[in-house]
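The structure appears right after this line, and notes come after that.
Protein chains in written order, with my numbering: chain W, 15 to 167; chain P, 1459 to 1577.
Have a look at this one:
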């Protein structure tokens, strides 16, 4: 399915070489630094799960678990996961997953980085409400933290 | 395009709306939609509570509303609940917006991390 509610696509131009961006995406430890999860000392491997503690303030009690699907060096990395799995009491493993695909493309001035998350229509309705609750409780604060962090460096 | 076809093209969106208006053109169904519009999904028992309408009649009316895409039924455990369809669509859009914001945020951090340490 490919409806407007099923898929999210975002692009960002990064002023750096493709090799550099690839390292930030494919090196699990470095990935965790910007994504907000502790994957230190771990590696991404196609067909394997990788788990780590979320490092976002307020969500440190949560684990992130992704199943790496494909790795094409300097081009593509994809995984499956349960987006916004924010209730530690809930077993999300039986729910459908969404597919996240990162793609790198060399362009003038740097690297165009694209992320597509699809399969959102299959997330149960009750969970969608959870996602919204998460939004109101912590996200604004999170944005403020980032602004402060960037201003400091 | 001939003037006649132009007129027909103009009419099309209204034709799509016709089943919705037909479904709403009944006092009981209008009341059911009004009740479901308020918020959460409701069972037939809740929908008939305090009225003299039978469960069978409400079931039939809900069927007409569902066919027009105005309501839908969801199974919660053993119970069948009815909810206003646009609410659901709205919620889906808001969730999408939120997950999109998360990605904006993650990508901004990636960009910052890589550009501040380019080698």
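Even glycine gets a Cβ: it sits at the ideal position worked out from N, Cα and C.
Spatial neighbours of residue 33(W) in its own chain (CB-CB distance under 7 Å, excluding positions within 5 residues in sequence) are listed in chain order as 88.
Annotation: the continuous alpha helix (DSSP H) that includes residue 1516(P) extends over 1513-1525. Ranked by Cα distance from residue 108(W), the first of 50(W), 70(W) and 96(W) is 96(W).
Residue 1577(P) counts as exposed, since fewer than 16 other beta carbons sit within 10 angstroms of its beta carbon. One finds 48, 49, 50 and 160 in chain W with Cβ atoms closer than 8 Å to the Cβ of residue 1567(P), taken in chain order. Residue pairing by DSSP places residue 107(W) in no beta bridge whatsoever.
Per DSSP, residue 1485(P) is one residue of the alpha helix (DSSP H) stretching across 1485-1495. Residue 65(W): member of the beta strand (DSSP E) spanning 63-68, first to last residue. Here the alpha carbons of residue 1495(P) and residue 1562(P) stand approximately 32 Å from one another. Residue 1511(P) counts as exposed, since fewer than 16 other C-beta atoms from the protein chains shown sit within 10 angstroms of its C-beta.
In the three-state reduction of the DSSP assignment, residue 1506(P) falls in the helix class. Cβ neighbours of residue 102(W) within its own chain (closer than 7 Å, five residues either side excluded): 75 and 76. The beta carbon of residue 31(W) sits closer than 6 Å to no other beta carbon from its chain once the five residues preceding and following it are set aside. A distance of 8 Å or more separates the beta carbons of residue 1486(P) and residue 131(W).
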